[in-house]
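Enquirer: This is the structure, below, for whatever I ask next.
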Amino acid sequence: MKKHVKSNVHWVGKVDWELKTFHGEELSTHKGSTYNSYLIQEEKNVLIDTVWTPYAKEFIDNLSSEIDLDDIDFIIANHGEVDHSGSLPALMERIPDTPIYCSANAVKSLKGQYHQDWNFKVVKTGDSIDIGNGKQLVFVEMTMLHWPDSMAVYLTGDNILFSNDAFGQHLATEALFNDKVDRCELYQEAMKYYANILNPYNPRLKKKLDEVSSLNLDIDMIATSHGVIWRDDPMQIVERYAQWAEDYQEDQITIVYDTMWNGTKTLAERIAEGISSADADVTVKMFNIAKSDVNDIVTEVFRSKTVVVGSPTMSNSTLHSVAGLIHLMKSMRFKGKKAAAFGCYGWSGESVKMINEAMADAGFEVVGEGLRNQWNPDVEAQKAAMEYGRKISQL
Ligand code: FEO
């Protein structure tokens, strides 16, 4: 069912309430998602993006109930990733000669995935197409936000920026606009999306935000490809992105650990108490990595000024859950954050040193040698862990 966006623009996408993971199993999507496709019907009829492959038939059935597919003058593929291009093969079987406007890199990704020589029209930043009734579509390359092929398109007259993944959220909702959903939930999902997908590209994002600002576009709406359309104060999410791109952190310390027989867990709890006893204002959060969602942890790391990582030593190493989280944090390229380590051991006790080395390699500023404890923490060891927490609070 189509939904009215503005003037002659309608949403023709798919709400995916069931989606629980994205990028295979890499990214959790507790709140589902939407694949937003838009139909513009001026003198020219334009389709912007499609939906993920499993919903291709439903998408095309719905679309063809709204418009004769042969009346679509052209398609814009803002991004080649399958959640937006997945219905193209089925659609192009019906309208094989329809031009597809996209970036040069999108031609590579679409050909690479679908092995079809469709009627591609390559566009770059500043190029535009007249769609009649005094309106134009102006293209803006969004390279590495978050793929090399990413692009946005701006509709003059209605002042809508179709931003694709940028400014999106994995949030299933029947509501179309940001002012119609819970604000806390919206920002939680927007931040999770940023922390887990866009943070590695902060330097490019800053330049792109400056570039888009310099275009002096009047923006009434930002129509993303996931989640809601930013209609109420649409620049709020642009301003928030500008803050997030500046190596964002809040007054938060996050403790992450895994444990075998609860010795390292005990240290974690005493460290947390030590931090909050020395600084009543700082937010302290703690996660057993093996029992938590790693993407939610990454979101908390994104908000943190300091991350305290704990693991017991097993087979001369850290537990694999800890190694996996550090790998993920490294790939998110966090900057300007401090790190400290702790862990129990019975025999050799390498884990703390290994955590420090891995966290330094992941771009964190490692502070101190860390806290090691042999066997289960006794009263004195627990006091030492509290003192360690107090020191961490002063970093
Ligand atoms: Fe929503 Fe990069 O795909």
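In our numbering, the protein residues as written are 1359 to 1753. Don't be surprised by glycine CBs; every beta carbon is placed ideally from N, CA and C.
At 3 residues or longer, what runs of the beta strand (DSSP E) sit wholly inside the stretch 1591–1664?
Expert: Listed in chain order, the complete beta strand (DSSP E) runs (minimum 3 residues) inside the stretch 1591–1664 are 1610–1615, 1641–1646.
Enquirer: Comparing the CB of GLU1400 with every heavy atom of the ligand FEO, is any distance shorter than 8 Å?
Expert: Flag unset: Cβ of GLU1400 not near the ligand FEO.
Enquirer: Have a look at the DSSP bridge pairing and note the partners of ASP1455.
Expert: Paired residue(s): none; ASP1455 is not in a bridge.
Enquirer: Between HIS1362 and the rest of its own chain, which residues show a CB-CB distance below 7 Å, the 5 nearest in sequence each way excluded?
Expert: Hits under 7 Å: HIS1368.
Enquirer: Excluding five sequence neighbours on each side, which residues of the same chain lie with their C-beta closer than 7 Å to the C-beta of MET1644?
Expert: Closer than 7 Å at the Cβ level, and outside the excluded window around MET1644, lie ILE1613, ALA1626, ALA1630.
Enquirer: Alpha carbon to alpha carbon, what distance is there between GLU1543 and SER1395?
Expert: Spanning the two alpha carbons is a distance of roughly 23 Å.
Enquirer: Under a three-way DSSP split, which group does LYS1360 fall into?
Expert: Of the three classes helix, strand and coil, the one that applies to LYS1360 here is coil, per DSSP.
Enquirer: Go through the stretch 1458–1543 residue by residue and report every complete run of the beta strand (DSSP E) that reaches 3 residues or more, in order.
Expert: 1458–1460, 1478–1480, 1486–1490, 1493–1499, 1509–1513, 1518–1522, all fully within the stretch 1458–1543.
Enquirer: Would you call the stretch 1585–1592 and the stretch 1634–1643 in contact, with 3 or more CB pairs under 8 Å?
Expert: In short, these stretches do not touch, since the Cβ pair count stays below three.
Enquirer: In whole angstroms, give me the CA-to-CA distance for PRO1457 and GLY1721.
Expert: Going from the Cα of PRO1457 to the Cα of GLY1721 covers about 44 Å.
Enquirer: Measure the Cβ-Cβ separation of VAL1440 and TRP1476 and say whether it is below 9 Å.
Expert: Result no, Cβ atoms of VAL1440 and TRP1476 do not sit closer than 9 Å.
Enquirer: Does THR1411 come out as helix, strand or coil in the three-state DSSP assignment?
Expert: Three-state DSSP puts THR1411 in a helix.
Enquirer: Report the three-state DSSP secondary structure of ARG1748 (helix, strand or coil).
Expert: Helix at ARG1748.
Enquirer: From PHE1380 to GLU1738, what does the alpha carbon distance come to, in whole angstroms?
Expert: PHE1380 and GLU1738: Cα-Cα distance of roughly 46 Å.
Enquirer: Along the alpha helix (DSSP H) that carries GLY1682, what are the first and last residues, could you check?
Expert: Start and end: 1678–1689.
Enquirer: For a test of your reading of the model: does the CB of TRP1505 fall under 8 Å from any non-hydrogen atom of the ligand FEO? Yes or no.
Expert: Yes, since a heavy atom of the ligand FEO falls inside the 8 Å radius drawn around the Cβ of TRP1505.
Enquirer: Inspect the beta-carbon positions of ILE1647 and GLY1747 and report whether they are closer than 9 Å.
Expert: No.
Enquirer: Let me check you understand the geometry: is the CB of GLY1526 closer than 8 Å to at least one non-hydrogen atom of the ligand FEO?
Expert: Result yes, Cβ under 8 Å from the ligand FEO.
Enquirer: Under the three-state reduction of DSSP, which class applies to ARG1730: helix, strand or coil?
Expert: Correct three-state label for ARG1730: strand.
Enquirer: Let's see if you can read the secondary structure: which residues bound the alpha helix (DSSP H) around MET1672?
Expert: Where MET1672 is concerned, there is no enclosing alpha helix (DSSP H), given that its DSSP letter is neither H nor E.
Enquirer: Pull up the distance between the alpha-carbon of GLY1707 and that of MET1549, whole angstroms please.
Expert: Between GLY1707 and MET1549, the C-alpha separation is close to 37 Å.
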